[in-house]
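Under my numbering, the first residue of the sequence shown carries the number 131, and numbering increases by one thereafter. We put the beta carbon where it would ideally sit given N, CA and C, even for glycine.
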Amino acid sequence: MKRILIPTDFSQNASNALNYALNFFAEEDCTFFLLNTYTPVIYDSEYMLNSYSSPDLTESYKSNSEQNLERLKTRITKKINNSRHQL
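This is the structure we're talking about:
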């Protein structure tokens, strides 16, 4: 069984690449891993001295990424009905 990592930024190009990979490996047993990364917020130290930090902002990026990955997984699972593939 092949294990394939698919990076995504949820763009149309990323969607096209995912569809291509699913079709390319249609006849093989595969587990696809979806990956989305985000850049954590890094504050300027001078800015930090004069204001408070917002750890909620980083959590918001993380939550948004997780929600979009779940939506993508659901959409792909409904669209592609291939018993050889797992997401």
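With respect to the 8 Å criterion, Thr138 and Gln216 are not classified as neighbours on the basis of their beta carbons. In this structure, DSSP gives Thr207 a helical state, which the three-state scheme calls helix. Annotation for Leu148: no beta strand (DSSP E) segment contains it, though the alpha helix (DSSP H) segment containing it runs 142-154. When rounded, the separation of the alpha-carbon atoms in Leu135 and Glu157 is 18 Å. Here DSSP, grouped into helix, strand and coil, assigns Arg214 to coil. Apart from sequence neighbours up to five positions away, the residues of its chain that approach Asn212 with a beta-carbon distance below 7 Å are Ala156, ordered along the chain. Thr161 sits in a strand when the DSSP states are folded into three classes. CA-to-CA, the gap between Lys208 and Glu200 works out to about 12 Å. Around the CB of Leu165, fewer than 16 other CB atoms lie within 10 Å, so the residue is classed as exposed.
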